[in-house]
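Be aware that the sequence shown starts at 8, since it is given in the working numbering, and climbs by one per residue. A virtual CB, placed ideally from N, CA and C, is assigned to each residue, including glycine. Given the structure is predicted, the values throughout are model-derived calculations rather than measurements.
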Amino acid sequence: TLSEKDKNIVKTFWAKVAGREEQIGCDAVSRMLTVYPQTKTYFSHWKDLSPGSDPVRKHGGIVMAAVTDAVSKTDDLTGALLSLSELHAFTLRVDPANFKVLSHNLLVVLSTTFSNDFTPEVHVAIDKFLTAVALALSEKYR
Ligand code: ZNH
């Protein structure tokens, strides 16, 4: 679980992400679809799944807005993400293993985009935070 120190590190780091959510989300989703092509199956209704395409960029922004919202709700991630968990479990029917896949890709993009700020301390805090987000999104699957 996230310590108070982890939560503070995440919030401080996320302040640097502010204003660049869509680009970072676009890069993370693009990378996920390229490196883990099995994730493409969920987006087969999009016109263009290539890296940086309009739907990929838009979806990247939407996902990052939800993650940014979660950063402000680290004391109750399960509650904060409950309706999104329900949506992914029952409507979108996304295999929850994919939450870890996107988390990994987001971690890679954050580390390359913010190479100076991405210290080992930030790395571990963001990793724990994204793991907690993935767990909260998996809540309704049980
Ligand atoms: Zn998801 C959608 C979030 C992951 C798949 N998403 C979505 C949305 C959101 C989200 C916010 C919108 C909703 C509405 O509309 O209401 N996600 C999210 C997050 C995460 C995720 C936060 C993590 C971190 N997803 C994911 C994954 C996958 C997915 C991993 C697979 C692979 N989603 C999805 C889909 C959708 C969504 C398919 C729908 C889209 C369209 O259609 O466009």
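Check: Taking buried to mean at least 16 other C-beta atoms within 10 Å of its own C-beta, is GLY67 buried or exposed?; Outcome: buried
Check: Using CA coordinates, which residue listed in THR138, ALA139 and SER118 is at the minimum distance from VAL129?; Outcome: SER118
Check: With a threshold of 8 Å on Cβ separation, who are the neighbours of LEU56 within its own chain once the five nearest residues in sequence on each side are excluded?; Outcome: LEU40, LYS47, PHE50, PRO62 and VAL63
Check: Just how far apart, CA to CA, sit THR81 and LYS14?; Outcome: 7 Å
Check: Our contact map puts PHE106 next to SER145 with C-beta atoms below 8 Å; I'd like the distance itself, whole angstroms only.; Outcome: 6 Å
Check: Within 10 angstroms of its Cβ, does HIS95 collect 16 or more other Cβ (buried), or is it exposed?; Outcome: buried
Check: Just confirm the distance between the C-beta atoms of LEU99 and ALA35, as a whole number of angstroms; I'd bet it's less than 8 Å.; Outcome: No, LEU99 and ALA35 are not in contact; Cβ-Cβ is about 18 Å, not under 8 Å.
Check: Which residues in the same chain as LEU114 place their Cβ atom closer than 8 Å to its Cβ, once the five residues preceding and following it in sequence are excluded?; Outcome: HIS130, ILE133, ASP134 and LEU137
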